[in-house]
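Participant: Below: one structure in structure tokens.
Protein chains: 2
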Amino acid sequence: MQSSKDIGNGLIDGWIVQLRKGALEYCLMLALRRGESYGYEIIQALSEIRDLSVGESTVYPILARLKAEGFLKARLGRSGTGPMRRYFSLTEKGRIRLAMMDAYWPMLSDSIETLKKAAVRAVPGKGRCDNGKD
Amino acid sequence: MQSSKDIGNGLIDGWIVQLRKGALEYCLMLALRRGESYGYEIIQALSEIRDLSVGESTVYPILARLKAEGFLKARLGRSGTGPMRRYFSLTEKGRIRLAMMDAYWPMLSDSIETLKKAAVRAVPGKGRCDNGKD
DNA sequence: CCTTGCTACTTTGCATTGCGTACTACCTAT
DNA sequence: ATAGGTAGTACGCAATGCAAAGTAGCAAGG
């Protein structure tokens, strides 16, 4: 049990990857909401949360992209135990974006809940317009 | 206001696209949970739910793939108003998968909630290991 | 007859993204 | 110098959402 994503079998394996695509970007920004942090620490922090374990090659590109887009800013700092760390923190633009994400995420959840309850207006009876023809 | 996805500005525009990856697949299977339906109807049903509006070129490929993977089965039927309809419905395999998705989705939501509350173990004080150097 | 418009579905092509693998660079300890 | 953990980069692949355009059947209007 290393990759916490094998819930059932491999049936939804690929789906989870796709589902997390945009969610991870949100998670990284959430991880920086309280204050600055660096890649390695974020990776470890996320790995402690169920289903959010990620690798370096997932986190660093996202951090780099968010920085390039102006949502994060970076600062170098000594680590004492290894190479220089790159501390990331949210910019104001990033905080605005995070606020929008915070607003959008529950909307999506809500829409899905709505979908769960509301049937696609398909007739509840049974087939109505084919083999019965006429 | 046609594309319900412009919440703020174009700031999270691309993010939403990524976030919906995988989620749409879930939505389509949810739409078929009650019974069979066809692409066009699903599109219209989803378009009535906030933030779930999709186009044909999004839905049909997903339906085709789900069918190819054995999660859906299809059946042709006359429509009376246009060309033949392809009615999709969940297979048993699809229902199992949908159940796993139903289990996974709240887990992801929950993990994100956890992340919102739990800070990345960064020190709450302030910087601790850089410019102060030694 | 021809055109417009609605329904229903398909195809092509593109841009984005997560992530596995491999690699480099830095620091400390022995 | 060598070994080991830390921090980050680079390359490449496979999926996916989605816009745009095309096809095909049916109905109403000129």
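Chains B and S supply the protein sequences, listed in that same order. Sequential numbering of the first sequence, starting at 1, is according to this note's numbering. Sequential numbering of the second sequence, starting at 1001, is according to this note's numbering. Every residue, glycine too, gets a C-beta built ideally from N, C-alpha and C. Since we're looking at a predicted model, the values are computed, not measured.
What is the rounded straight-line gap between the Cα of THR1114(S) and the Cα of ILE49(B)?
Facilitator: About 8 Å.
Participant: Could you check if VAL17(B) is buried or exposed, using at least 16 other CB atoms within 10 Å of its CB as the buried criterion?
Facilitator: Exposed, since its Cβ has fewer than 16 Cβ neighbours within 10 Å.
Participant: The alpha helix (DSSP H) with LEU1019(S) in it runs from where to where?
Facilitator: Its alpha helix (DSSP H) spans residues 1013-1020.
Participant: With a threshold of 16 other CB atoms inside 10 Å of the CB of ALA68(B), please say whether the residue is buried or exposed.
Facilitator: It counts as exposed.
Participant: Where does ALA1118(S) sit, in a helix, a strand or coil, going by DSSP?
Facilitator: Here ALA1118(S) sits in coil by DSSP.
Participant: My understanding is that ILE43(B) touches GLU56(B), with C-beta atoms under 8 Å, so please give their C-beta distance in whole angstroms.
Facilitator: Their Cβ separation, rounded to whole angstroms, is 6 Å, which keeps ILE43(B) and GLU56(B) in contact under 8 Å.
Participant: Whose C-alpha, out of LEU1072(S), TYR1104(S) and SER1109(S), is nearest the C-alpha of GLU1036(S)?
Facilitator: The shortest Cα separation from GLU1036(S) among LEU1072(S), TYR1104(S) and SER1109(S) belongs to LEU1072(S).
Participant: Would SER1004(S) count as contacting chain B if we go by Cβ distances under 7 Å?
Facilitator: Confidence is the limiting factor: at SER1004(S) the pLDDT is only 40, short of 50, which leaves the residue's position unreliable, though a coordinate-based value still follows. Chain B contact via Cβ: absent.
Participant: Taking Cβ-Cβ distances shorter than 9 Å, what residues in chain B pair up with GLU1092(S)?
Facilitator: Chain B residues near GLU1092(S): none, gap ~12 Å exceeds 9 Å.
Participant: Say whether chain B places a C-beta atom closer than 7 Å to the C-beta of ILE1049(S).
Facilitator: For ILE1049(S), the answer is yes, since a Cβ of chain B falls inside 7 Å of its Cβ.
Participant: Using 7 Å as the limit for Cβ to Cβ distance, is LEU19(B) near chain S?
Facilitator: Chain S contact via Cβ: present.
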